[in-house]
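Below you'll find the structure, written out as structure tokens, and then a few comments.
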Amino acid sequence: MEREGEKEYQRVSISGEEKCGVPFTDLLDAAKCVVKALFIREKYIGLSMQSFCRTTASYLEELSDRPLDMGIYEEIPETSVTADLDQTVHPPVSATHPYENQDPACMPPDIGYGCKMVNGVVHIYTKKDSMDTSTELELPYPDLSEYIADMNVMTALIINGPVKSFCYRRLQYLSSKFQMHILLNEMKELAAQKKVPHRDFYNIRKVDTHIHASSCMNQKHLLRFIKRAMKKYPGEIVHVERGKGQTLMEVFQTMNLTAFDLSVDTLDMHADRNTFHRFDKFNAKYNPIGESILREIFIKTDNHVEGKYFGHIIKV
């Protein structure tokens, strides 16, 4: 049942069939991978005795052959922000610190539990004086092989290109949808938040600064630097091939190129929106003249010249 407060806000409805330009099979495989990751998350949240999101669990339960443990939730009746607006609510006033003048006799007694580190893992025992296997507290945990198998699955999903594209697209969609909601209803929500007594921090911002230095220059900038390096440092050893050092001039000679052959078109480096969050595509497209060796020499730090040229590019 829709609450009355929701009727005050403007809503945007998106209808029609989604055309994302991705093959349906890739979309289906990515969705299955995300569901697999959610099942793994649900399992480990259950093992750690935490509560799992009810909405997510309800959808996962439709795909599972067993009922999911959604954790213990305390049902708290919601109070409308428009109710009792004229009634002033004050927090309880305490003249002393809540933990001052406490009687130790009123404290909960020591239950006698003890803990010990065994091979880097904390074990809990029901008796401090005899901490052995007979008094060890049985707590649910995954065995090593199961944990490694799940970790391998998650690692494979993390580096899976189509899955990253699918998740990034969905997150961008949700972010845009939320930004649209803010543009339409920001003032109404702010007014409603200020009506709530004893409100907590209601303005939280997350700052994520991700600066990819390898793509900080444009093609013309990089082209000028490569030509300048070929003129100034032709005899400098920049690469080792099969135990033999190669100078910058020799590297270009193996590719049958000279400084006059280089142009923006032959450089052919593109880092557009399709390469964002897709390092597999970025690595394939962001190679000077399609040669990974030039990328290693000019825009990497882990090379024979210890990132000398890359440092010069960023400095310039």
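Each residue of the sequence shown is one higher than the last, beginning at 76 in my numbering.
Here a beta-carbon is modelled for each residue, glycine too, at the ideal position from N, C-alpha and C.
With DSSP as the reference, please indicate the residues paired to Val193 in a beta bridge.
In the DSSP output, where bridge partners are listed per residue, Val193 has Val196.
Could you tell me the distance, in whole angstroms, from the CA atom of Ile223 to the CA atom of Ile233?
Distance between the alpha carbons of Ile223 and Ile233: 15 Å.
To the nearest angstrom, how far is it from the Cα of Gln294 to the Cα of Leu342?
When rounded, the distance between both Cα atoms is 7 Å.
Report all residues from its chain with a CB closer than 7 Å to the CB of Asn378; omit the five preceding and five following residues, and keep chain order.
Excluding sequence neighbours, Asn378 sits near Glu371, Ile372.
Work out the CA separation of Gly320 and Ile388 for me, nearest whole Å.
Ile388 and Gly320: Cα-Cα distance of roughly 23 Å.
Which word fits Met344, buried or exposed, when buried means at least 16 other C-beta atoms lie within 10 angstroms of its C-beta?
So Met344 counts as buried.
Could you give the first and the last residue of the continuous alpha helix (DSSP H) run that contains Ile389?
Where Ile389 is concerned, the enclosing alpha helix (DSSP H) stretches over 383 to 390.
Compare the Cα-Cα distances from Met206 to each of Asp185, Met226, Lys191 and report the closest residue.
The option with the nearest alpha carbon to Met206 is Lys191.
Which runs of the alpha helix (DSSP H) fall wholly inside the stretch 174 to 246 and span at least 4 residues, in chain order?
List check, alpha helix (DSSP H) in window: 219 to 233.
Please report the straight-line C-alpha distance between Ser367 and Leu214, rounded to a whole angstrom.
Spanning the two alpha carbons is a distance of roughly 51 Å.
Alpha carbon to alpha carbon, what distance is there between Gln125 and Lys111?
Roughly 19 Å between the two C-alpha positions.
Quick one: measure Cβ to Cβ for Pro309 and Thr322, integer angstroms, because I've assumed they're closer than 8 Å.
Indeed they touch by this definition, with Cβ atoms about 7 Å apart.
What are the boundary residues of the beta strand (DSSP E) that includes Thr322?
Segment 319 to 322, the beta strand (DSSP E) holding Thr322.
Select from Tyr174, Val109, Cys128 the residue whose C-alpha is nearest the C-alpha of Met182.
Taking only the C-alpha atoms, the option nearest Met182 is Tyr174.
Would you mind reading off the limits of the beta strand (DSSP E) that contains Glu438?
Because the chain spans 76 through 391 in this model, residue 438 falls outside it and cannot be assessed.
Compare the beta carbon distance of Phe127 and Glu137 with 8 Å and say whether it is the shorter of the two.
For Phe127 and Glu137, no; Cβs fall outside 8 Å.
Please go through the same chain and pick out, in chain order, the residues whose beta-carbon is closer than 8 Å to the beta-carbon of Leu113, but skip the five residues on each side of it.
Taken in chain order, the residues that qualify are Thr131, Leu135.
Looking only at its own chain, which residues have a Cβ that is under 6 Å from the Cβ of Glu150, when we skip the five neighbours before and after it?
Low per-residue confidence applies at Glu150: pLDDT is 48, beneath 50, and the placement is therefore not dependable, though the value from the model is reported in the following sentence. So no residue of the chain qualifies.
Could you please give the first and the last residue of the uninterrupted alpha helix (DSSP H) stretch that includes Tyr134?
Note, Tyr134: alpha helix (DSSP H), 129 to 138.
Beta-carbon separation of Met255 and Val97 under 8 Å?
No. Outside cutoff.
Rounded C-beta distance between Lys302 and Leu337? I'm assuming under 8 Å.
Right, their Cβ atoms sit about 6 Å apart.
Around the Cβ of Tyr188, are there at least 16 other Cβ atoms within 10 angstroms (buried) or fewer (exposed)?
Its Cβ having fewer than 16 others within 10 Å, Tyr188 is exposed.
Does the distance from the CB of Pro363 to the CB of Leu297 come in under 8 Å?
Contact: yes.
Does DSSP classify Tyr248 as helix, strand or coil?
Helix.
Below 8 Å between beta carbons: does that hold for Met292 and Phe327?
No, the Cβ-Cβ distance between Met292 and Phe327 is not below 8 Å.
Say yes only if the C-beta of Met124 is nearer than 7 Å to one or more non-hydrogen atoms of the ligand GTP, and no if none qualify.
The ligand GTP is absent from the structure shown, which contains no ligand whatsoever.
If you measure between the beta carbons of Gln85 and Asn235, is that distance less than 8 Å?
Taking 8 Å as the Cβ cut-off, Gln85 and Asn235 do not qualify as a contacting pair.
Spatial neighbours of Lys375 within its chain, please: C-beta separation below 8 Å, excluding the five flanking residues on both sides.
Once the five neighbours on either side are set aside, the close Cβ partners of Lys375 are Ser289, Gly382, Phe385.
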